[in-house]
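Right, one structure below, let's go through it.
In UniProt numbering, the protein residues as written are 1 to 350.
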């Protein structure tokens, strides 16, 4: 799929589940899965087949599409830029809202001739919320399930996350001198080392340091996860996420200088995404965890507050006390607790 700013993204499709068939001869409903930051579409397939959301949806008669954001291993191409060129990395999550998401939704719409259900995790929820609040893409989406929704990040409790957010202020690019934020690369390793030297951060268990205490992960799944991920993103995107965390509002990228902001947006302050503008009749399913250090309970409550005018029968909220950020995509009991609910929610939208 080519975006209008020249990135070439790859999508994976699972057109049918085990047992084939399409659940009764009807046209299958498409579902698009959108992953979070520093990972890629493989995260939806890490559990065993009967416990991975992508395959469960396919087995339930949905036509499943898995997105891979620009910069991750399946989406490192561009019509004229090479990933070695810093310009390839000159983007933030605003660009995912304006370019990636529309390109992918449009492609699925053209291929299937129908609107799609959307599943987002982490940054995948932020892109969707921002997009819907601008009234964009709504005409191509039937409903959305948002796991570990991230919109406000000001209460993030992971020690590492908080420190990183404080450190990620423009200076970081000078410090790292890189446009690609590759978690496996040398400069980022150094940066993490500096953060981990802080007495408040226990980096022994990097996964928990970043996501909170996950209750229900199977160690072999975590091993596969660590082999496949983390994936690269743009340093500028990380800076934007850090701004989101520090400022406690959902706004476009702040160039740190009113003149630059005026040049890009025509105003001195970056425009804000107003989440109460999300169409009140769009069916939403939000699911969040009590142990999630990135999508903190208080931040989710802020988000729910922005949605308080939403049609009551269109907003479904599930709270799982012992879940943290990664349990939603890799939890051994996620099928019974979360995925079956999502399947039921999507099936109810007809």
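The beta-carbon is built from N, C-alpha and C at its ideal position, and this holds for glycine as well.
- In the DSSP secondary-structure assignment, residue 318 is bridged to 287.
- Going by beta carbons, residue 285 and residue 342 fall inside the 8 Å limit.
- Taking C-beta separations shorter than 6 Å and ignoring five residues to either side along the sequence, the partners of residue 43 in its chain run 35 and 329, following chain order.
- Secondary structure at residue 51: helix, using DSSP grouped into helix, strand and coil.
- A check of alpha carbon separations from residue 273 across 126, 317 and 346 identifies 126 as the nearest.
- In the structure shown, the three-state DSSP call for residue 146 is strand.
- In this structure, the beta-carbon distance from residue 1 to residue 145 does not fall below 8 Å.
- For residue 46, same chain residues with a beta-carbon under 6 Å away, outside a window of 5 residues either side, are 221, 224, 225 and 330 in chain order.
- Contact check for residue 130 and residue 250: beta-carbon distance about 6 Å, within the 8 Å limit, so the pair qualifies.
- In this structure residue 349 is exposed. Its beta-carbon is surrounded by fewer than 16 other beta-carbon atoms within 10 angstroms.
- Residue 40 carries a coil assignment under DSSP once its states are collapsed to helix, strand and coil.
- For residue 6, no pairing in a beta bridge is given by DSSP.
- Counting only runs of 3 or more residues that sit fully inside the segment 45-91, the beta strand (DSSP E) segments are 63-67, in chain order.
- Using a Cβ distance threshold of 8 Å, residue 325 and residue 294 count as a contacting pair.
- Leaving aside the five residues that flank residue 309 on each side, the residues in its chain whose CB is nearer than 7 Å to its CB run, in chain order, 276 and 280.
- Here residue 118 is bridged, per DSSP, to 32 and 144.
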